[in-house]
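Residue numbers (our numbering): 120 to 455.
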Amino acid sequence: MKKKSFPQEAGVIAVVVVVGIALSLVAPAFRTVDNLMVLLLNGTVVLFLALGQSFVLLTGGIDLSVGSNIALTGVIAAMCMRSGAPWWAGALIAIAIGIVVGLFNGALVYWGKMPPFIVTFATFGISASIPKIMTNGASVPISDPLFAVFGRGSFLSIPIPVILAVIASIVLAGFLKRTATGVHIYAVGGNKETARLAGVNVGKITLLVYTISGVCAAFGGIITASRLMTGYPTAGAGTEQFYSIASAVVGGVSLFGGVGTILGAFCGAILIAEVSNGMNVIGVSAYWQPLVIGVIILLGVLIDSNRRSISLKGFFARSRTRAATEPRNTEVGEHR
C-alpha cells in the first residue's frame, strides 16, 4: 500500500493557520477585513524580496543587497520623474537598475569566484550609498499621481501591491516548476559540478537567479516609493533583507540549495507579516519584533540543517542496506 505524502509546504501552512487563530482569539481586531488588508499590504515588499531571495538560495547562494536596492531603485525612479519622465518610464528605469545590480552580483559570484555573502554584502553598501550621494541624503518627492497606483491603488477593494505580488508568485512558481531552466536551478543548487557535467550552463543560471532577485527588489522599491510618493535614500535600511531570508527559510527553502518552492516562500512571508502585524495589534513593543523574527529564523535554519542531516543519514543507510542485500559477483572458473 502506497504511503500518503504531504506537500513540503504543509508545515508552514499549518503554522500560518495556527498563529492566525491564536492572534484572532487574543486580539479580535486582528481578524477584521481592514487589518487583513493592512497585513497583506505591509507584507508585499517582503514577499517580493523573498521571491527573488528564494531563487538565489535554491542555487546555494544568498543576496544581502535586496534591502538597499529598495532605496536605490525608488530614488532613481523618483529622480527620473522629477526630471520630466512619465511614471511608466520611471518604473521601467527602476526595473532596469534592478537588472544591472543582479547581473553585477551574479557576474562577481560566478566569474569572480567570490563568495555570494561577500559580493552581496559589498553591493548592499554600494547600493545604499549611491542614492544618498545622488540626493545628498534628501528625499525626492514624486508629483505624478499615476505613479501612486503601484502602492496606493486597488482593484475590487484588493490593493494593487497585493495583486502584483500574487501574480509574480504564480508566474515565478510556474517558471520554476514547469520549465527546463527551473529544473536546472534546482540542479545547480544540488551539486554545481554534477550539473555542469550534465550540460547545465551554471554561469547562465547564476546570472539569472541574481537578476530575478534584483528585479524583485526593484518592484519592492517601486511599491515603497509609490506608497510614500517619495524616493527615500534610506528606504529598505531596516530589517527587510533579513525578513526576506527568514520568509524563504521558514517556508522550506534550504540555505544549502536545491530544496524549496515559491509556495513555501510565499507562506513564509505571510507568516512573518502575520507575526509582525499581530504584535502591532496586540500592542507589543517594536523592540521585541526583531527578537521574535530572529527566533523564527533560528528555528527555520535549525529545521533545515537537521533535515539535511537526516536526509544524508537516510541515504547512507539505504546504500549500506542495498550493498548488503545485493548478491556479490564471484568469478567462476570455466569447466572443461
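Glycine included, C-beta positions come from ideal geometry on N, C-alpha and C. Note that the coordinates shown come from a computational prediction; the quantities given were computed from them, not determined experimentally.
What three-state label does DSSP hand residue 221 in the structure shown?
-> Of the three classes helix, strand and coil, the one that applies to residue 221 here is helix, per DSSP.
Residue from 386, 188 and 131 with nearest C-alpha to residue 352 | Closest in alpha carbon position to residue 352, among 386, 188 and 131, is 188.
Measure the CB-CB distance between residue 365 and residue 324 and report whether it falls below 8 Å.
-> no
Pairwise C-alpha distance: residue 220 and residue 332 | 9 Å
Just the C-alpha distance for residue 154 and residue 330, rounded to the nearest angstrom, thanks.
-> 34 Å
Output the boundary residues of the alpha helix (DSSP H) element that contains residue 149.
-> Note, residue 149: premise wrong, no alpha helix (DSSP H); not H, not E.
Enumerate in chain order the residues of its own chain whose CB-to-CB distance from residue 413 is below 6 Å, with the five nearest sequence positions on each side excluded.
-> Excluding sequence neighbours, residue 413 sits near nothing in its chain.
Could you tell me if residue 346 is buried or exposed, where buried requires 16 or more neighbouring beta carbons within 10 angstroms of its beta carbon?
-> buried
Where does residue 402 sit, in a helix, a strand or coil, going by DSSP?
-> coil
Roughly how many angstroms separate the alpha carbons of residue 196 and residue 268, rounded to a whole number?
-> 14 Å
Residue 261 - DSSP class collapsed to helix/strand/coil | Of the three classes helix, strand and coil, the one that applies to residue 261 here is coil, per DSSP.
Do you know offhand how far residue 290's Cα is from residue 145's?
-> 36 Å
Could you name the residues of the same chain whose beta carbon sits closer than 8 Å to that of residue 161, not counting the 5 residues immediately before and after it, in chain order?
-> Cβ neighbours of residue 161 beyond the five flanking positions: 392, 395 and 396.
Those residues which DSSP pairs with residue 273 across a bridge | 278
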